[in-house]
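Residue numbers (this note's numbering), protein chains in the order written: chain A, 1 to 216; chain B, 217 to 432.
There are 2 protein chains.
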Amino acid sequence: MNVASKIKRGRKFDQVLAGARVIFLRDGFEGASVDDIAREAGVSKATLYSYFPDKRLLFMEVAKAECRRQAESAAEFDDEGASPRKVLTIAGRRIGDLAMSDMGRGVFRICLAEADRFPEIGREFYESGPLLVRNRLCDYLQRAMDRGQLEIEDVPLAAEQFSELCKADIQVRRLFKQDETCSAQKRNKIVKSAVDMFLARYATEETKIADAAETA
Amino acid sequence: MNVASKIKRGRKFDQVLAGARVIFLRDGFEGASVDDIAREAGVSKATLYSYFPDKRLLFMEVAKAECRRQAESAAEFDDEGASPRKVLTIAGRRIGDLAMSDMGRGVFRICLAEADRFPEIGREFYESGPLLVRNRLCDYLQRAMDRGQLEIEDVPLAAEQFSELCKADIQVRRLFKQDETCSAQKRNKIVKSAVDMFLARYATEETKIADAAETA
DNA sequence: CCTCAAGTGAACTCCGCGGTTTAACTTCCT
DNA sequence: AGGAAGTTAAACCGCGGAGTTCACTTGAGG
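Structural data, given as structure tokens:
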């Protein structure tokens, strides 16, 4: 039993949460009505309120769960043996996927919109989203440095740079509903370009030589 | 006279717009009440409605004006004679400033929140914001290529990459209210690192040599 | 000084939403 | 069978915000 949570569990708990997730992600916090959520969840309003004391708490619960879900998808990449190019390409593709996904967009949008009203939402999202990815990346970069593959003065900054590079040209367009689709081909090109740039700056001489041989 | 606009002009037009700007930027679209706006503008609600047919139109007008304002601040950089490092450093600082400003954050936040309900808002913001900056940057990069300073296969992508690099580590934290302040020193470091990385990848050999001499 | 258009403010309508209550119905345990 | 706990649909309350109306003021121009 979840002692920390003040929220009652029960048969229809997950059902309510699932419905709330759909509606909140579609309409945002203000835009979503509790009636809509109850209908979507296939549950009466009274039942909904028997589980969650109010709308705000329900929203927080949904947001937290969603952040956790996404954190999982940014899984670790521990390909110790592989070349930096290979490891970074895989990681970059994951980052790009997250930026393109409907879920990623929805959560980003709502968390940002509500970050002023509910600061803890902003923190929660940041920490279990971008920060988590960055930390994983930092760990890898540090290991690659220890192995003499990379040469970086400011590892956290480098991690952030790589992450941003992978989202170049797609994140903003996606967020603002321009150019809905983005071909896999284009995404590959962006990630490749990001890796090229990152290695041009941070790879040691040996790594560059090995990379040139590998790529050719 | 603005024929295209269906909105009546008049003595208090700008006054209303100014008030709306303050309140919308503070409270968002849903959060802002028309009464608040009228009060802030020092105008009666009736007058407000005599200028703008409804709240949505008023908001659109504010958002459009604000995007234009910001676009201006990302002014052109035609330092033809200067080295790529100098030009890019100045441009990068401007981009960073915009990402850090309250205005920049506010407009971004609200436009994103309303992009689903009012797609034209999303388009307007994207085109007069990020896209405009990118195009300016593209123009410069092309000229630098013509001069043999840079060597780029995909100019628009490179522009986007540089832009993203300049916002690394600050944009997201700023948006989600983490780490409110960011020292000028740190910002300089980020921009310098962005320029370093960009040149490492896209500068021609001669430029790299000249840059090394210049930096030393 | 009179006119008339623009502006005022306060009251008012309408509506949707958050949240509550109630009375009937289902489930399930003993 | 019986009863406690959970669920439901529907009506209901109160509030706050969008938009309207109207009697009244202001001030520039003939």
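C-beta: ideal position from N, C-alpha, C; glycine also.
Could you tell me whether the Cβ atoms of residue i and residue j are closer together than 7 Å?
i	j	result
residue 418 of chain B	residue 366 of chain B	yes
residue 304 of chain B	residue 411 of chain B	yes
residue 159 of chain A	residue 152 of chain A	no
residue 378 of chain B	residue 414 of chain B	yes
residue 309 of chain B	residue 238 of chain B	no
residue 175 of chain A	residue 328 of chain B	yes
residue 245 of chain B	residue 340 of chain B	no
residue 37 of chain A	residue 19 of chain A	yes
residue 171 of chain A	residue 71 of chain A	no
residue 233 of chain B	residue 322 of chain B	no
residue 337 of chain B	residue 428 of chain B	no
residue 283 of chain B	residue 364 of chain B	no
residue 426 of chain B	residue 200 of chain A	no
Identify the contact partners of residue i in chain A, using a Cβ-Cβ distance below 8 Å as the criterion.
i	result
residue 373 of chain B	168, 169, 189, 190 and 193
residue 365 of chain B	Near residue 365 of chain B there are no residues of chain A at all, since even the closest Cβ is about 16 Å away, more than 8 Å.
residue 388 of chain B	126 and 130
So which residues on chain A does residue i lean against when the C-beta distance must stay under 9 Å?
i	result
residue 349 of chain B	Near residue 349 of chain B there are no residues of chain A at all, since even the closest Cβ is about 11 Å away, more than 9 Å.
residue 303 of chain B	Those within 9 Å of residue 303 of chain B in chain A number zero; the least Cβ separation is about 19 Å.
residue 233 of chain B	Neighbours of residue 233 of chain B on chain A: none; closest Cβ ~23 Å, over 9 Å.
Within 10 Å of its beta-carbon, does residue i have 16 or more other beta-carbons around it, so buried, or fewer, so exposed?
i	result
residue 216 of chain A	exposed
residue 104 of chain A	buried
residue 185 of chain A	exposed
residue 208 of chain A	exposed
residue 56 of chain A	exposed
residue 61 of chain A	buried
residue 44 of chain A	exposed
residue 4 of chain A	Note that residue 4 of chain A has pLDDT 36, beneath the 50 cutoff, so the model's placement of it is unreliable and no number is given.
residue 205 of chain A	exposed
residue 218 of chain B	Confidence in residue 218 of chain B is poor, its pLDDT being 40 and thus under 50, which makes the residue's placement too unreliable to answer from.
residue 180 of chain B	Because chain B is modelled from 217 through 432, residue 180 of chain B falls outside the range shown and cannot be assessed.
residue 312 of chain B	buried
residue 325 of chain B	buried
residue 230 of chain B	exposed
residue 102 of chain A	exposed
residue 289 of chain B	exposed
residue 430 of chain B	exposed
residue 269 of chain B	exposed
residue 82 of chain A	exposed
residue 403 of chain B	buried
residue 69 of chain A	exposed
residue 399 of chain B	exposed
residue 202 of chain B	It is not possible to answer for residue 202 of chain B, since the shown part of chain B is limited to 217 through 432.
residue 41 of chain A	buried
residue 262 of chain B	exposed
residue 193 of chain A	buried
With DSSP collapsed to three states, give me the class of residue i.
i	result
residue 419 of chain B	strand
residue 229 of chain B	helix
residue 86 of chain A	helix
residue 3 of chain A	At residue 3 of chain A, the pLDDT of 37 sits below 50, so the modelled position is not reliable and the matter cannot be decided from this model.
residue 430 of chain B	helix
Could you work out which residues of chain B lie near residue i, taking near to mean beta carbons separated by less than 8 Å?
i	result
residue 178 of chain A	338, 339 and 342
residue 160 of chain A	384 and 385
residue 165 of chain A	377, 380 and 381
I want to verify the contact list: residues of chain A whose CB lies under 7 Å from the CB of residue i, in sequence order.
i	result
residue 314 of chain B	Near residue 314 of chain B there are no residues of chain A at all, since even the closest Cβ is about 13 Å away, more than 7 Å.
Can you name the residues of chain B whose CB is closer than 7 Å to the CB of residue i?
i	result
residue 109 of chain A	328 and 329
Which residues in chain B sit within 9 Å of residue i, going by Cβ to Cβ distance?
i	result
residue 84 of chain A	Near residue 84 of chain A there are no residues of chain B at all, since even the closest Cβ is about 15 Å away, more than 9 Å.
Residues of the segment 193-208 of chain A with Cβ closer than 7 Å to any Cβ of chain B, in chain order: Only 193, 196, 197, 200 and 201 from the segment 193-208 of chain A bring a Cβ to less than 7 Å from some Cβ of chain B.
Counting only Cβ-Cβ distances shorter than 8 Å, please list the residues of the segment 242-274 of chain B near chain A, keeping chain order. Against chain A - using a Cβ distance shorter than 8 Å - the residues of the segment 242-274 of chain B are 244, 246 and 247.
What are the residues in the segment 350-362 of chain B lying within 7 Å of chain A by C-beta distance? Listed in chain order, the positions of the segment 350-362 of chain B with a beta carbon within less than 7 Å of a beta carbon of chain A would be empty, since no residue qualifies.
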